[in-house]
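**Q** In the working numbering, the protein residues as written are -11 to 417.
A virtual CB, placed ideally from N, CA and C, is assigned to each residue, including glycine.
Structure follows, in structure tokens:
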């Protein structure tokens, strides 16, 4: 499949994937940044995304290390690409800037996995974080709400997601230890751009990037930093749920979902979701939702009869995730906090139910990454791997944080059973 034939959405998904190219590389933030820049500024974009693309900001790599020269894998990676003539709708092609955000890299103890993926037991009040009339150029660090009131009109976002959003908005590309940053942070860059007529801005990312991209778009729009663009669009894929019902309402008002095109991936301002992907089922506990944690034990056809061991394993994971997802509710009984963004859902080809942890892992990874390439391009399509990645090998991204949830913290079985029964009974919560 030639990149010259890629439609707009296929090009965007390829750009999103490009932000993950150094996910398995180790080095300082600066070394990882330079490695990715070398790839993106070579012939990678032309060969794997399509002609006409260039990098206009970044790439930036952030690592949660007191010593930035210490080697390790990246925690966050992002960059801005530009095309001078991209058709984002039925209008005439226009200049388009695309903010690309990587998914989770590294092991379970990495910051992206342990904090940005899983810190959902606390939330941030968007009205306090980015109040109406906000005029500052830099996005401030978020602070968890001490007593959130989910029954009102205040929008809330997961604390971990807000931390990742702040890092991406406010951290300039890495420099040598003794050098002052000369490149502005992303929010300052976007605000200061001298734009061509009708310029578009697009936010995209997969997995963790699928939660950070809509949250970043909403945060920067709230902060009045995107007014120079004629249109702002969001293209998240496989993202977990970042916020509550009021967050979804405000996101939908600022970025209305467009009609779904010929195929499920052809739409704007919706999370593109494989129904068999575990990650987008986090963190909703509403029975009426199409994407919810209650689906996990039977998602791949397991039951007490078929693949019992994996069914019990997924049930244990579900219990832990239910506890995490509802802990932000400040009182007892606990209720649902998180509501999925508007979604466009497709269903990948089903597999026989897994009968072991190894089989579960393979099926889950297949549905979190390769299934999206099959949907967006064609079955069996394989992207170019990054340095030190085996061809055809796909990263678990946020999936690793979820599948190992039952091993991170011991589960209180009595409390978990009570919570599950309560949430099952409280359909309208």
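Inspect the beta-carbon positions of residue 224 and residue 198 and report whether they are closer than 7 Å.
**A** Going by C-beta atoms, residue 224 is nearer than 7 Å to residue 198.
**Q** The alpha helix (DSSP H) with residue 420 in it runs from where to where?
**A** The requested residue 420 is not part of the displayed model; the chain covers only -11 to 417.
**Q** With contact counted as at least three CB pairs below 8 Å, one residue from each stretch, are the segment 323 to 335 and the segment 229 to 241 in contact?
**A** Yes: the two stretches touch, three or more of their Cβ pairs being nearer than 8 Å.
**Q** Determine whether the beta carbon atoms of residue 54 and residue 16 lie at a separation below 7 Å.
**A** No, these two residues do not count as a Cβ contact at 7 Å.
**Q** What does the alpha-carbon distance come out to for the pair residue 303 and residue 291?
**A** Approximately 10 Å between the Cα atoms of the pair.
**Q** Would you mind reading off the limits of the alpha helix (DSSP H) that contains residue 358?
**A** Run containing residue 358: 358 to 364, per the alpha helix (DSSP H) assignment.
**Q** Once the 5 residues before and after residue 5 are set aside, which same chain residues still bring their CB inside 6 Å of it?
**A** 371, listed in sequence order.
**Q** Taking residue 159 as the reference, which of 200, 202 and 172 has the closest Cα?
**A** Checking every option, the nearest Cα to that of residue 159 belongs to 172.
**Q** Identify whether residue 186 lies in helix, strand or coil by the three-state DSSP scheme.
**A** Reduced to three states, the DSSP call for residue 186 is coil.
**Q** My understanding is that residue 204 touches residue 191, with C-beta atoms under 8 Å, so please give their C-beta distance in whole angstroms.
**A** Sure, about 6 Å apart at Cβ, within 8 Å.
**Q** Name the two residues that bound the continuous alpha helix (DSSP H) containing residue 5.
**A** It spans -4 to 6 - the alpha helix (DSSP H) in which residue 5 sits, taken as one unbroken run.
**Q** Quick check on the DSSP output: the beta strand (DSSP E) that includes residue 69 runs from which residue to which?
**A** 64 to 74 is the span of the beta strand (DSSP E), which, as asked, contains residue 69.
**Q** Since residue 87 contacts residue 13 with CB under 8 Å, what's their CB separation in whole angstroms?
**A** Going by Cβ atoms, the distance from residue 87 to residue 13 rounds to 22 Å, so no, they are not a contact pair.
**Q** Check the DSSP bridge columns for residue 60 and list the partner residues they point to.
**A** In DSSP, residue 60 forms a bridge with 15.
**Q** Within 10 angstroms of the Cβ of residue 320, are there 16 or more other Cβ atoms? Answer buried if so, exposed if not.
**A** So residue 320 ends up on the exposed side.
**Q** With residue 18 and residue 67 assumed to form a contact (beta carbons below 8 Å), what rounded beta-carbon distance in angstroms separates them?
**A** Residue 18 to residue 67, Cβ: 15 Å. No contact.
**Q** So residue 332 packs on residue 253, CB below 8 Å; how close in whole Å?
**A** So it is a contact: roughly 7 Å between Cβ atoms.
**Q** Nearest by alpha-carbon distance to residue 110: which of 231, 277 and 23 is it?
**A** If we check each option's Cα against that of residue 110, 231 comes out closest.
**Q** Among the candidates 269, 267, 244 and 77, whose CA atom is the shortest distance from the CA of residue 257?
**A** That would be 244, whose Cα lies nearest to the Cα of residue 257.
**Q** Can you grab the Cα-Cα spacing for the pair residue 222 / residue 175, in whole Å?
**A** When rounded, the distance between both Cα atoms is 16 Å.
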